[in-house]
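Before any comments, here is the structure.
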Amino acid sequence: MRLWRSVVGKLWMTILLLVSFVLFILTILLLQFFQNYFIQQVENNLLNTGQKISRILEEHESLSLGLEISREILDEETNLVIVINPNEVYYDTEITEQDFYLKDKILNDRELNKALSANEVITKEMLLDTEYQDSVFTVGVPFSLSDERTGAVYIYQSLQVMKQTTEQTTKLIFLAAFIAIVLTTIFAFFLSTRITSPLRKMREAAFEVTKGRFETKVPILTHDEIGELATAFNQMGRQLKYQLNALNQEKEQLSSILSSMADGVITFNRDGTILITNPPAERFLQYWYYEQDAEEALPPTVYELLNQVMTLESEQIGELSLQGRSFVIIISPLYNLKSVRGAVAVVRDMTEERRLDKLRKDFIANVSHELRTPISMLQGYSEAIVDDVAETPEEKKEIAKIIYDESLRMGRLVNDLLDLARMEAGHVTIRREEVEIIPFIERIVTKFNGVAKEKGISLGVNIPEDVNRDSWLQVDGDKLEQVFTNLIDNAIRHTPAHGHVSVTIESLVSSYLFTVSDTGSGIPEEDLPFIFERFYKADKARTRGRSGTGLGLAIAKNIVDAHEGQISVQSKYDHGTKFLVNIPKIK
1 MRLWRSVVGK LWMTILLLVS FVLFILTILL LQFFQNYFIQ QVENNLLNTG QKISRILEEH
61 ESLSLGLEIS REILDEETNL VIVINPNEVY YDTEITEQDF YLKDKILNDR ELNKALSANE
121 VITKEMLLDT EYQDSVFTVG VPFSLSDERT GAVYIYQSLQ VMKQTTEQTT KLIFLAAFIA
181 IVLTTIFAFF LSTRITSPLR KMREAAFEVT KGRFETKVPI LTHDEIGELA TAFNQMGRQL
241 KYQLNALNQE KEQLSSILSS MADGVITFNR DGTILITNPP AERFLQYWYY EQDAEEALPP
301 TVYELLNQVM TLESEQIGEL SLQGRSFVII ISPLYNLKSV RGAVAVVRDM TEERRLDKLR
361 KDFIANVSHE LRTPISMLQG YSEAIVDDVA ETPEEKKEIA KIIYDESLRM GRLVNDLLDL
421 ARMEAGHVTI RREEVEIIPF IERIVTKFNG VAKEKGISLG VNIPEDVNRD SWLQVDGDKL
481 EQVFTNLIDN AIRHTPAHGH VSVTIESLVS SYLFTVSDTG SGIPEEDLPF IFERFYKADK
541 ARTRGRSGTG LGLAIAKNIV DAHEGQISVQ SKYDHGTKFL VNIPKIK
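Mapping of the sequence shown onto the UniProt record's numbering: residues 1 to 587, in sequence order.
Okay, structure coming up:
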C-alpha cells in the first residue's frame, strides 16, 4: 500500500495506465483496419475474377470450354458456382453438401439473386449456419451466352483465413503491448527514481529542519526545476535559521529588558489569562496571593481596570495597596490589526516615592519645629530687652546669654542641615590619610574625660591583645572624628551617673570594628529601625529629656557609608546601647 501512495507508484501507475489506454485504442483501430482492409482485398479479388469468368463465358461459344478455362483461373481459396437459369448449376469442384447448401443460400438470397434476375453485380458477406461455423464473402456477376441464355457467376471465399490473420495480428499486438508495458514500467521506475530521489532527500532534509537542524542541505544533482527546488530549499533553510536566530535574539533581548525593569509588567489575553510576567510583577502577585482570602488570580481592582480597557479600548490607571506597599497600575490595550487582543499592565511600586514624599514633608515640619523654638525664645527675650522688662544689668546679661545660646543652637542646626545635604548630594570629598588607630581613638576619648567626670560616668578604651598598637587606617580623620565624637557625646549625655561608657577596638579579617557602648536606659525596640533617619527622635529613651537636632546619627551614617563601612546599633530598653562602626582596612 505504501508503494501506491508514493510518488513512484503514482507516477508508474499514471504512465502505465496511459500507455495501456493508448495501446488498447491502437489495438482496436489496427484490428478494425486489418479486417476492413482484408475484406476489401477479398472483395476486389473476387470481383475481378468474377468479371474475368463472365467475359470468358460470353466470349466462348462452348460452355464447357468456358467452364474449363474458368476453373483454371481460380485460386485454391476461391470457389465457383455458375447458375444458368435456376435449374442449371455448374461447380468448379466435386459437388459437396456445402455446395448444395451454398447454392440454396445464393438462390434464396434476395440480394444475391439480383445478379441472376436483374443483371446486377452483387457483393455480400454471408454468414453460414452454426453447423458449418464459417462465413463467406460472395460476388455475383451476370453474363449472357451466345445462345441468348443468361446466368450469373457466383464466386465465394471463406473468411476463416481473415480471422486467423486477425488472430495472429492480435497476438502480435498484445505481445508488443506486453513488451511496451514492461519497457514502460522500467522507464517509469527509472524516471520516477530520477525525480523522486531528490524529493526523498528533500523530505529527509525537511524532517531534519523540523528538528531544528537548519544547517541541513539538499545536494543539487540537476539543473532543472528539481535542482531549482533544491536550491530554494537550501536558501529557505538558511533564511529560517537567520530568522529564528533573530527571533531568539529579540526574545532574549525582550526577556532581559523585562527582567531588568524596575516596574512589573503583566500581559493578559482577552479573557484575562496571564501570559507573561517579569520578576517585579511576580513579587506583586505573591503579595496578592499571600494577602487574599479567595482563590482569585488578580485583585478586583485589576479586574475592573482590565474590563474597562477591553470595553473602552483606552488606557486605565488605578492604585492598590498590598502588604503595606503602594502600587500604581497602568493598563493599556494590545491591538491585533483591528480588534483588541489583550492588554499589558505596568505595576509600579510607589512605596519608596511615597515614603520619600512623606520624609520631605516631615523634614519641612521637623525643620520648622526645630527652628520655631529658638526663634520664639529669641523673639521673646529680645522683646523683654526692648520693653525694659529686664531692669538690672544681671537680668539683661542673663537674657543676652539665653539669646546667644539659642543663636548657637540655630547655627548648629543650620550647619548640620548643610553638612547632611552636601553628604547626601555627594558633594563632600573624603580626603583619605593614614591614621594611627589607637592614638586616634584615645585622643577623641580624652576630650570627653572632663564631661564624664562631672557626670560621674566611667569612660575608657578597651583594646584586645590581638590588636597591634601600630595599626593604621586610610580614612578622613576629621570626618571620622566627627562620627566618634557624636557617638561618645550621645552615650555620655544619655547615661546616668555612675554609668559606664567604653570604646572597644577589634581587628577583623578585612576591617576594624569600633564599638561605642553605654549603660544608659537604651532605645525602645520600635525606634531602632529609624534611629539613623533625619530628625527622628522618640519621646522616650532617645530624647531622654535632652535637646538635639536629630541629625547627628544621620550625618554619622553618611560619613561611614562614604568610607565604604557600616554602622549599626544594638540596644535593649533599660539595658544600654551599642553602636558598631565597621571600617575596612587599608587596601
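C-beta atoms are modelled at their ideal positions from N, C-alpha and C, and glycine is treated no differently.
Neighbourhood of residue 611 by C-beta distance below 6 Å, restricted to the same chain and skipping five residues each side:
This structure cannot settle anything about residue 611, because the visible part of the chain is limited to 1 through 587.
Comparing alpha-carbon positions, which option in Leu30, Ile53, Ser144 lies nearest Glu167?
Leu30
Range of the contiguous alpha helix (DSSP H) that encloses Leu67:
63-73
Leaving aside the five residues before and after Val451 along the sequence, list all residues of the same chain whose C-beta is less than 7 Å from its C-beta, in chain order.
Ile492
Name the two residues that bound the continuous alpha helix (DSSP H) containing Gly477.
477-493
Rounded to the nearest angstrom, what separates Lys114 and Ser144 at their Cα positions?
15 Å
Leaving out the 5 sequence neighbours to the left and right, which residues in its chain are closer than 6 Å to Asp489 when beta-carbon positions are compared?
none
Are Ile15 and Ala188 close, meaning C-beta to C-beta below 8 Å?
yes
Quick one: complete alpha helix (DSSP H) runs, 4+ long, within the segment 295-333?
300-312
Are there 16 or more other CB atoms within 10 angstroms of the CB of Met1, so buried, or fewer, so exposed?
The predicted model places Met1 with a pLDDT of 47, which falls under 50 and marks its position as unreliable, so this point remains unresolved.
How should Tyr404 be labelled, buried or exposed, when 16 other C-beta atoms within 10 angstroms of its C-beta is the threshold for buried?
exposed
In the DSSP assignment, find the unbroken alpha helix (DSSP H) run with Ala439 in it and report its ends.
Before going on, a small fix: residue 439 reads as Pro here, not Ala. It spans 437-447 - the alpha helix (DSSP H) in which Pro439 sits, taken as one unbroken run.
Where do the N-terminal and C-terminal ends of the beta strand (DSSP E) with Ala345 fall, by residue?
339-349
Endpoints, alpha helix (DSSP H) assigned at Val560:
552-562
Supposed close pair Tyr512, Ile505 - CB separation, criterion 8 Å:
6 Å
Can you tell me which of the three DSSP states Glu148 falls into?
coil
Name the two residues that bound the continuous alpha helix (DSSP H) containing Ile257.
225-260
Express the C-alpha separation of His500 and Arg542 in angstroms, rounding to a whole number.
Any reading at Arg542 must be qualified, since the residue scores a pLDDT of 41, below 50, and its modelled position is unreliable; the value itself is stated next. Looking at the two C-alpha atoms, the distance is approximately 18 Å.
Under the three-state reduction of DSSP, which class applies to Leu508: helix, strand or coil?
coil
Taking the alpha-carbon positions, what's the Ile331 to Leu285 distance?
16 Å
N-terminal and C-terminal residue of the beta strand (DSSP E) that Lys578 is part of
577-584
Check whether the Cβ atoms of Lys479 and Ile430 lie closer than 8 Å to each other.
yes
Suppose the cutoff is 8 Å on Cβ atoms and the five residues either side in sequence are ignored; what does the same chain contact list for Ile586 look like?
Glu434, Trp472, Leu473, Gln474
What does DSSP give as the partner residue(s) for Thr78 in the beta ladder?
Gln157
Ala345 to Phe532, Cα distance in whole Å?
37 Å
Taking the DSSP output, what are the residues bridged to Glu433?
Val475
For Gly264: DSSP bridge partner residues
Val347
Output the distance between the C-alpha atoms of Arg544 and Phe484, rounded to the nearest integer angstrom.
Note that Arg544 has pLDDT 38, beneath the 50 cutoff, so the model's placement of it is unreliable and no number is given.
DSSP state of Ser382 mapped onto helix, strand, coil:
helix
Use the C-beta contact count for Ala497: other C-beta atoms within 10 angstroms, 16 or more gives buried, fewer gives exposed.
exposed
When the distance is taken between beta carbons, is Asn278 closer than 8 Å to residue 589?
Because the chain in this structure spans residues 1 to 587, residue 589 falls outside the shown range and cannot be described.
What does DSSP give as the partner residue(s) for Glu88 in the beta ladder?
Ile84
Please return the same chain residues whose Cβ sits closer than 6 Å to the Cβ of Gly342, not counting the five positions on each side in sequence.
Phe268, Asn269, Arg270, Leu334
Enumerate in chain order the residues of its own chain whose CB-to-CB distance from Gln308 is below 6 Å, with the five nearest sequence positions on each side excluded.
Gln316
According to the neighbour-count rule (16 or more other Cβ atoms, all chains shown, within 10 Å of its Cβ), is Val153 buried or exposed?
buried
Determine the burial state of Pro299: buried for a count of at least 16 other Cβ atoms within 10 Å of its Cβ, exposed for fewer.
buried
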